[in-house]
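Counting from 7, one number per residue, gives the positions in the sequence shown under our numbering. Have a look at the structure below, then the notes.
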Amino acid sequence: GAVPWNGPSATSPHKINFMASSRKWVNQKRLIDVIEAFLVAGIPDSGLFIAGNIVGQKMIKHPSVHYLGPIGDDKLFALHKLCHAMIHIVWLDVCPNGVVEALVNGCPVISGDQGGTKELGVQTVVPDYPWNFKPRNLDKTPRININLLAEAIIKHSQSRMVVDASHLHINE
7 GAVPWNGPSA TSPHKINFMA SSRKWVNQKR LIDVIEAFLV AGIPDSGLFI
57 AGNIVGQKMI KHPSVHYLGP IGDDKLFALH KLCHAMIHIV WLDVCPNGVV
107 EALVNGCPVI SGDQGGTKEL GVQTVVPDYP WNFKPRNLDK TPRININLLA
157 EAIIKHSQSR MVVDASHLHI NE
């Protein structure tokens, strides 16, 4: 079930925090890979906060994995400020809004190296399953290497980096 989230002043019961978010979780977004890699990383006193609508996806119950359900922008931006990194390993994503929002809010991003996400200035890129430019069924998205993703998560747990987004200009 979802855990309560009390808005921008919210704190975490954990010392080290990671997040993953999506308006709607589908296979291409690899939720299970994110959770498994976080658990393989085995970082003491850490938490993984998952925001968004989870439909038809496997959910792993673990005391360090928190399903928030759909949340508003103010809560999402507070989560960015709380976390050591956002994990976004969507296969072949072009220019994800969620990654741009995280970077603008100073939250480092861990992504795969396929698609356009790596071009946005993410801090850590994990080698991903290569695309051969042939049509793909995204419901059959390949798994990412869980151990390499876990290593990236461990790297981000060792210090809280803040992204300098002063060079980004967002028109509203």
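Note that beta-carbon positions come from the ideal geometry of N, C-alpha and C, so glycine has one too. Here the structure is a predicted model, which is why all the values come from computation and not from measurement.
Secondary structure at residue i, three-state DSSP: helix, strand or coil?
i	result
residue 10	Interpretation of residue 10 is limited by its pLDDT of 49, a score under 50 that renders its predicted location unreliable; the figure taken from the coordinates is listed afterwards. Residue 10: coil per DSSP, three-state reduction.
residue 67	coil
residue 74	strand
residue 130	strand
residue 23	strand
residue 140	coil
residue 81	helix
residue 15	Residue confidence is low: residue 15 scores 43 on pLDDT, short of 50, so the model does not pin down where it sits. Its coordinate-derived value is still stated next. Reduced to three states, the DSSP call for residue 15 is coil.
With a Cβ-Cβ cutoff of 7 Å, do residue i and residue j count as a contact?
i	j	result
residue 91	residue 116	yes
residue 158	residue 130	yes
residue 152	residue 47	no
residue 100	residue 118	no
residue 23	residue 147	no
residue 94	residue 113	no
residue 35	residue 132	no
residue 27	residue 53	no
residue 60	residue 31	yes
residue 111	residue 139	no
With distance defined between alpha-carbon atoms, name the residue in the options nearest to residue i.
i	options	result
residue 56	46, 39 and 75	75
residue 98	30, 107, 64 and 134	134
residue 39	126, 18, 63 and 165	63
Let me know if residue i comes out buried or exposed under the rule of 16 or more other beta-carbons within 10 Å of its beta-carbon.
i	result
residue 8	Its pLDDT being 46, under 50, residue 8 is placed unreliably in this model, and the coordinates cannot settle the point.
residue 72	buried
residue 105	buried
residue 137	exposed
residue 21	exposed
residue 58	buried
residue 128	buried
residue 163	buried
Note the first and the last residue of the continuous beta strand (DSSP E) segment covering residue i.
i	result
residue 110	Residue 110 -> not in any beta strand (DSSP E); alpha helix (DSSP H) instead, spanning 103-110.
residue 56	52-60
residue 116	115-118
residue 94	91-94
Looking at the unbroken alpha helix (DSSP H) that takes in residue i, where does it start and where does it end?
i	result
residue 153	152-163
residue 49	Here residue 49 belongs to no alpha helix (DSSP H), and DSSP marks it neither H nor E.
residue 145	Where residue 145 is concerned, there is no enclosing alpha helix (DSSP H), given that its DSSP letter is neither H nor E.
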